[in-house]
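Take a look at the structure set out below.
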Amino acid sequence: MALVFYTNPMSRGRIARWMLEEVGATYETKVLAYGPEMKSPEYLALNPMGKVPAIVHDGQVVTEAAAICTYLAFAFPEAGLAPEPDERADFFRWLFLAAGPGEQAVTNTSFGFALPDDPQARGRSGYGSLDTVADALAAMLAYGRPFVCGARFTAADVYVGAQIQWGMQFGTLPERPGFADYAKRLASRPAAMRANDLDNALMPEEG
1 MALVFYTNPM
11 SRGRIARWML
21 EEVGATYETK
31 VLAYGPEMKS
41 PEYLALNPMG
51 KVPAIVHDGQ
61 VVTEAAAICT
71 YLAFAFPEAG
81 LAPEPDERAD
91 FFRWLFLAAG
101 PGEQAVTNTS
111 FGFALPDDPQ
121 ARGRSGYGSL
131 DTVADALAAM
141 LAYGRPFVCG
151 ARFTAADVYV
161 GAQIQWGMQF
171 GTLPERPGFA
181 DYAKRLASRP
191 AAMRANDLDN
201 ALMPEEG
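Going by UniProt numbering, the residue at position 152 of the sequence shown is 152; the numbering climbs one at a time, nothing skipped.
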């Protein structure tokens with residue numbers, strides 16, 4: 001099966017790259033520049049949002065980093081990164097929290113969007129506050145739980161873990177107990193290191 005990966009090293013494509021390395025897939029990388037290249041008719045035919053990442057796997061198009069992680073987990077079951085039946089609740093719960101309310105809270109806060117100081121309005125936002133999101137993620141890791149689904153690393157850790165790692169790196173997520181140890185566990189994975197090296201090699205030279 002042919003697998004093509006559209007990305008930019010300064011994007012959420014890093015999450016998809018990590019997942020591709022975790023499943024051990026053979027893939028072709030196509031780096032798209034921000035601006036006209038991502039908005040070209042050819043690419044918009046694949047992803048009308050005009051952004052990366054995206055993959056085309058045997059003719060099937062998948063966009064959105066969380067969706068790509070989930071799709072690849074099921075497309076390559078031999079990698080063992082899809083949830084077992086008793087892991088599905090945690091898998092989907094925390095993956096969708098990070099991709100929905102979590103990303104929304106981080107993005108809104110980074111742009112200085114302040115929610116009204118009213119409980120009803122905050123409830124309508126879907127996340128309430130950035131601190132609420134951080135507290136929820138910390139609760140996920142409470143009691144020494146090493147990964148999203150418990151004792152075993154899954155595709156959910158690629159996405160949720162990337163959000164926590166980036167939040168710590170760029171200061172966009174409040175610190176909470178467990179975050180640093182979790183991020184360290186994930187960063188030590190061989191696939192994560194390979195993916196990071198591949199994307200770093202694509203970064204534009206400074207100066």
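Heads up, the beta-carbon is just placed ideally off N, CA and C, and yes, glycines get one too.
field: Sequence-distant residues of its chain with Cβ nearer than 8 Å to G126 (five each side left out)
entry: Translated into the one-based positions of the sequence shown, residue 126 becomes position 126. Once the five neighbours on either side are set aside, the close Cβ partners of G126 are G100, P101 and Q104.
field: Inter-residue spacing [alpha-carbon to alpha-carbon] between residue 256 and Q163
entry: Residue 256 is absent from the structure shown; the chain starts at 1 and stops at 207.
field: Supposed contact pair M140 and W94 - C-beta distance, whole angstroms, cut 8 Å
entry: The residue labelled residue 94 in the question sits at position 94 within the sequence shown. The residue labelled residue 140 in the question sits at position 140 within the sequence shown. Confirmed, Cβ separation roughly 6 Å.
Touching by the beta-carbon criterion (3+ pairs, under 8 Å), the stretch 62–71 and the stretch 145–162: yes
message: Tell me whether the stretch 3–11 and the stretch 26–36 touch, counting them as touching only if at least three CB pairs, one residue from each stretch, are closer than 8 Å.
response: yes
- prompt: Using a Cβ-Cβ cut-off of 6 Å (strictly less than) and excluding sequence neighbours within five positions of R176, which residues of its own chain qualify?
  reply: Within the sequence shown, numbered from 1, the residue matching residue 176 stands at position 176. The residues are A134 and A138.
3-residue-minimum beta strand (DSSP E) runs that sit fully inside the UniProt domain "GST N-terminal" (1–80), ordered along the chain: 3–7, 28–31, 54–57 and 60–63
- prompt: Under a three-way DSSP split, which group does F147 fall into?
  reply: Translated into the one-based positions of the sequence shown, residue 147 becomes position 147. In this structure, F147 counts as strand in the three-state DSSP scheme.
query: To the nearest angstrom, how far is it from the Cα of M193 to the Cα of W166?
result: To locate residue 193, count along the sequence shown from 1; it is residue 193. To locate residue 166, count along the sequence shown from 1; it is residue 166. Cα-Cα distance, rounded: 15 Å.
query: So is K51 buried or exposed if we call it buried at 16+ other beta carbons inside 10 Å?
result: Taking the sequence shown and counting its residues from 1, one reaches residue 51 at position 51. The residue in question, K51, is buried, as its Cβ has 16 or more Cβ neighbours within 10 Å.
task: Would you tell me roughly how many angstroms separate the C-alpha atoms of residue 216 and P204, rounded to the nearest one?
output: No answer is possible for residue 216: the residues shown for the chain start at 1 and end at 207.
- prompt: Just curious, the alpha helix (DSSP H) that L173 is in, first and last residue?
  reply: Here the question's residue 173 lines up with position 173 in the sequence shown. Element bounds for L173: n/a, residue is neither H nor E.
message: Quick check: the Cα distance between A198 and G123, rounded to an integer number of angstroms?
response: The residue you call residue 198 lines up with position 198 of the sequence shown. The residue you call residue 123 lines up with position 123 of the sequence shown. Note that residue 198 is Leu in the sequence shown here, rather than Ala. Cα to Cα, the separation comes out at about 41 Å.
message: Suppose you measure from the CA of K184 to the CA of F147; what does that come to, to the nearest Å?
response: Taking the first residue of the sequence shown as 1, we reach residue 184 at position 184. Taking the first residue of the sequence shown as 1, we reach residue 147 at position 147. Whole-angstrom Cα-Cα distance: 12 Å.
message: For P53, count the other beta carbons within 10 Å of its own beta carbon; 16 or more makes it buried, fewer makes it exposed. Which is it?
response: Taking the sequence shown and counting its residues from 1, the one referred to as residue 53 is at position 53. Burial call: buried.
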